[in-house]
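Residue numbers (our numbering): 57 to 396. Think of the CB as a built atom: it goes at the ideal place given N, C-alpha and C, for glycine as much as any other residue. Here's the structure we're looking at; comments come further down.
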Ligand SMILES: Nc1ncnc2c1ncn2[C@@H]1O[C@H](COP(=O)(O)OP(=O)(O)OP(=O)(O)O)[C@@H](O)[C@H]1O
Ligand SMILES: [Mg+2]
């Protein structure tokens, strides 16, 4: 649905060249809620703004529904852009216009007749939960309500794609959750593909099925959220994953384990995908001559399944512990030795 092919973007500012995107290739499929995460200046907004031609690549191609934006004539490009809605961190509402007028604006600009506008705006205000606010002004609304107006305005032209630039970054955690739930409904009920850029891993965890991690203009890691969260490879990805999944044993617990004299090995085991429903720990305690003790655990909900990270101390003879380790590996459970 959206494809970036070897996209490079350079900015020239006061005689200096700045490369914001360095050879980015990504594919967003219809129906995805695709998250792009990265620190400030990574190039996220620049990437997003290319989808509706607010930025033009220096090299490479951006395709929307199979059409290369750079090759389109003005009229064709405006047709493609009509299919794309966008929401912003600071909502970008017109302060002098009512909620109804803000939402109606794209239709007024498209010269749609009044009766259709009225029907469409009312339908969308109902959808975003603001039916009683149509005559209010933005200053009379909370941040969450303003973002709902922004969302209604973005949807009023029936787009197939919704672009979200830090849509929840100005909101408190509770309001963030309610806006993310609304975005999820938009994806499911209205079948709109969503591309969302953020620096909050919680946003990715809550609603995205795919994620790309950006650093200094590069996409350093991309894939299904469950895979990237389960096996982060790059340092930046590991840092982002840590912000939502706490898997490090507290030092005090480690100290205590070190003091303990019994022969043992401590493994961190990750369960996700098909492994979440297997009774591995009970099998291990039955099949091997070992005692086990769960010393630390974290279970996170992801994509309607769970990612469980358990740190387990196994006590027993070396040979038996080695056999147990082989068994875990053979069962395709990700395992890492925590302390020798
Ligand atoms: N119009 C512009 N002119 C010059 N440089 C720009 C322009 N737009 C972006 N840049 C530069 O490109 C780089 C990427 O910017 P971009 O806004 O895409 O980052 P970002 O990942 O969205 O960051 P943030 O999380 O702070 O929003 C930055 O170094 C920025 O200064
Ligand atoms: Mg940005």
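Identity of the residue in the options nearest residue i by Cα
| i | options | result |
| --- | --- | --- |
| residue 364 | 166, 68, 302 and 260 | 302 |
| residue 390 | 158, 228 and 285 | 285 |
| residue 307 | 352, 112 and 277 | 352 |
| residue 360 | 131, 110, 228 and 328 | 328 |
| residue 178 | 208, 151 and 167 | 208 |
| residue 279 | 65, 112, 92 and 384 | 92 |
| residue 370 | 190, 362 and 347 | 347 |
| residue 216 | 245, 316, 189 and 188 | 245 |
| residue 349 | 372, 133, 180 and 187 | 372 |
| residue 239 | 229, 218 and 283 | 218 |
| residue 354 | 87, 305 and 376 | 305 |
| residue 261 | 300, 335, 88 and 161 | 300 |
| residue 53 | 243, 149, 281 and 162 | Not covered by the structure: residue 53. The range shown for the chain is 57 to 396. |
| residue 335 | 161, 384 and 267 | 384 |
Buried versus exposed, by CB contacts within 10 Å (16 or more), residue i
| i | result |
| --- | --- |
| residue 265 | buried |
| residue 201 | buried |
| residue 81 | exposed |
| residue 333 | exposed |
| residue 291 | exposed |
| residue 60 | buried |
| residue 206 | buried |
| residue 322 | buried |
| residue 358 | buried |
| residue 137 | buried |
| residue 107 | buried |
| residue 345 | exposed |
| residue 101 | buried |
| residue 167 | exposed |
| residue 326 | buried |
| residue 249 | buried |
| residue 131 | exposed |
| residue 243 | buried |
| residue 187 | exposed |
Spatial distance of residue i from residue j (CA atoms)
| i | j | result |
| --- | --- | --- |
| residue 214 | residue 289 | 38 Å |
| residue 129 | residue 135 | 10 Å |
| residue 58 | residue 212 | 21 Å |
| residue 256 | residue 341 | 39 Å |
| residue 274 | residue 105 | 16 Å |
| residue 115 | residue 84 | 19 Å |
| residue 276 | residue 171 | 49 Å |
| residue 222 | residue 90 | 13 Å |
| residue 139 | residue 145 | 21 Å |
| residue 374 | residue 367 | 19 Å |
| residue 227 | residue 234 | 10 Å |
| residue 386 | residue 67 | 51 Å |
| residue 175 | residue 95 | 41 Å |
| residue 254 | residue 225 | 8 Å |
| residue 191 | residue 154 | 5 Å |
| residue 64 | residue 113 | 6 Å |
| residue 263 | residue 237 | 8 Å |
| residue 317 | residue 324 | 20 Å |
| residue 393 | residue 232 | 37 Å |
| residue 220 | residue 252 | 5 Å |
| residue 78 | residue 379 | 47 Å |
| residue 241 | residue 98 | 29 Å |
| residue 173 | residue 165 | 11 Å |
| residue 311 | residue 382 | 27 Å |
| residue 158 | residue 258 | 29 Å |
| residue 193 | residue 119 | 38 Å |
| residue 283 | residue 71 | 42 Å |
| residue 69 | residue 103 | 19 Å |
| residue 75 | residue 229 | 33 Å |
| residue 247 | residue 182 | 18 Å |
| residue 111 | residue 169 | 32 Å |
| residue 127 | residue 86 | 22 Å |
| residue 343 | residue 319 | 18 Å |
| residue 339 | residue 388 | 15 Å |
| residue 184 | residue 315 | 57 Å |
| residue 272 | residue 163 | 38 Å |
| residue 281 | residue 73 | 34 Å |
| residue 309 | residue 88 | 41 Å |
| residue 356 | residue 362 | 6 Å |
Cβ separation of residue i and residue j, assumed to be a contact under 8 Å, to the nearest whole Å
| i | j | result |
| --- | --- | --- |
| residue 203 | residue 156 | That pair is no contact at about 17 Å. |
| residue 210 | residue 142 | 6 Å |
| residue 395 | residue 313 | 7 Å |
| residue 151 | residue 117 | Their Cβ separation, rounded to whole angstroms, is 38 Å, which puts residue 151 and residue 117 out of contact at 8 Å. |
| residue 180 | residue 189 | Not really, about 12 Å apart at Cβ, beyond 8 Å. |
Counting pairs of beta carbons, one from the stretch 121 to 128 and one from the stretch 289 to 303, are three or more of them closer than 8 Å?
no
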